[in-house]
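**Student:** Heads up, the sequence shown is in the numbering used here, so the first residue is 884 and it goes up one at a time.
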Amino acid sequence: MRNPYAVAAKRRSGIAMRRSEETTLEYTANTTGHTRHVTLIDPAKQDPNTAANRAMIAIEAGSSMIFVGGSTDTPDEVVHSTCVAIQEAFELRAFAASQDPNGVESMWHIPVVLFPGGAHALSPAADAITFMMLMNSTERRFLVGEQIRGAPYLKKFDVEALPTGYVVCAPGGRVGEVGGAELIQPDDHDLVHAYALTAQMYGFKLLYLEAGSGASTQVNPHLIQRARTVEGLTLVVGGGIRTPEQAKIAAEAGADWIVTGTLTEDAANLEQLRTRISGIVDALN
Ligand code: 1GP
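Here it is in structure tokens:
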């Protein structure tokens, strides 16, 4: 049963609970038979209105989920206004589609999911959060510390937790540095398998293999293949994916979800963004 306080808080935020029939965890489980695409929006890199416009283009181009987060030091208020702007935009589009005989309302039933750098980057307007253990961090803070700070807040605001094992692979980028990660190297096949098994045994539902935002090379497909052999995990792969060919490599290796962020942030305009995301999504089908 839903927490009435959280429902009221979401309504006050302009969130009309578009996705009440299916949990986000159910949505992320791969029952579609093909790899889906996540658009990552970093609230530190654009204003909320721009974020909402980019998110709408991403969905029109075939993206199936929005992650909000990325930077390590974005304050709550900025994350929250970005989530609200995206939710309101999707709500309006869903309503418009419901009034149009040719409209497809369900295409706007897209979860807006926090992808936090820590317990500071939260919002009650999100549908869910990748509730992550940075499994190969050497720092307690990223293994369990930030999670302990964030959990009461998420409970209070009824933000659904997606239990996620987050594993940073070389080159790792800023998240590898800030997170104190012992990077998984391209030939660490047994090690990534051990991490995947550990994630499964902890009961995590998602395993996110991350090369780092803007990485010069994507996660080695052999690492994805090895992680794929562990059952019961939804496999999310991101970092350094910029072309349809790269997306296809990750999809064929077994990724359930491909995340791209940088290609959205550095698109010259919305039409270029549409072309880029369509190209990636087409390569996954
Ligand atoms: C970062 O995996 C994501 O967490 C996306 O990376 O910015 O390189 O697309 P990019």
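No residue lacks a Cβ here, since even glycine has one placed at the ideal position from N, Cα and C.
Given the structure is predicted, the values throughout are model-derived calculations rather than measurements.
Between the Cα of residue 1087 and the Cα atoms of 1119, 1071, 1002, 1068, which residue gives the shortest distance?
**Tutor:** Answer by Cα proximity: 1119.
**Student:** Would you list, in sequence order, the uninterrupted alpha helix (DSSP H) runs of no fewer than 4 residues that lie entirely inside the region 960-1005?
**Tutor:** If we require 4 residues or more, the region 960-1005 turns out to have no alpha helix (DSSP H) run fully inside it.
**Student:** So, helix, strand or coil for residue 1025, using DSSP?
**Tutor:** The answer is helix: DSSP assigns residue 1025 an H, G or I state.
**Student:** Please classify residue 931: is it buried, with 16 or more other beta-carbons within 10 angstroms of its beta-carbon, or exposed?
**Tutor:** Under this definition residue 931 is a buried residue.
**Student:** Helix, strand or coil for residue 1057? Go by DSSP, reduced to three states.
**Tutor:** Residue state, collapsed to three classes: helix.
**Student:** Going by other Cβ atoms of all chains shown within 10 Å of its Cβ, with 16 needed for buried, is residue 979 buried or exposed?
**Tutor:** Classification of residue 979: exposed, given that the 10 Å Cβ count is below 16.
**Student:** Look at the alpha carbon of residue 1010 and the alpha carbon of residue 1017, and state the distance between them as a whole number of angstroms.
**Tutor:** In a straight line, the C-alpha of residue 1010 is about 21 Å away from that of residue 1017.
**Student:** Going by the CB atoms, is the gap between residue 1064 and residue 1033 shorter than 8 Å?
**Tutor:** Cβ atoms of residue 1033 and residue 1064: not closer than 8 Å.
**Student:** Is any heavy atom of the ligand 1GP found at a distance shorter than 7 Å from the C-beta of residue 1132?
**Tutor:** No, the ligand 1GP has no heavy atom inside 7 Å of this Cβ.
**Student:** For residue 1080, tell me which candidate among 1050, 1104, 1070, 970 has the shortest Cα-Cα distance.
**Tutor:** Among 1050, 1104, 1070, 970, the Cα nearest to that of residue 1080 belongs to 1050.
**Student:** Classify residue 1090 as helix, strand or coil using the three-state DSSP reduction.
**Tutor:** Residue 1090: strand per DSSP, three-state reduction.
**Student:** Anyone know if the C-beta pair for residue 1007 and residue 1040 falls short of 8 Å?
**Tutor:** Yes, the Cβ-Cβ distance between residue 1007 and residue 1040 is below 8 Å.
**Student:** Can we count residue 962 as close to the ligand 1GP, meaning its CB is less than 7 Å from some heavy atom?
**Tutor:** Residue 962 Cβ: outside cutoff for every heavy atom of the ligand 1GP.
**Student:** Is the separation between the beta-carbon of residue 1127 and that of residue 1163 shorter than 8 Å?
**Tutor:** Taking 8 Å as the Cβ cut-off, residue 1127 and residue 1163 qualify as a contacting pair.
**Student:** So, is residue 1019 buried or exposed, given that buried needs 16 or more other C-beta atoms within 10 angstroms?
**Tutor:** Buried is the call here.
**Student:** Would you say residue 1014 and residue 965 are within 8 Å of each other, going by their C-beta atoms?
**Tutor:** In this structure, residue 965 does not lie closer than 8 Å to residue 1014 by Cβ.
**Student:** Between which residues of its own chain and residue 1160 is the CB-CB distance below 6 Å, once the five residues before and five after are set aside?
**Tutor:** Around residue 1160: 941, 944, 946.
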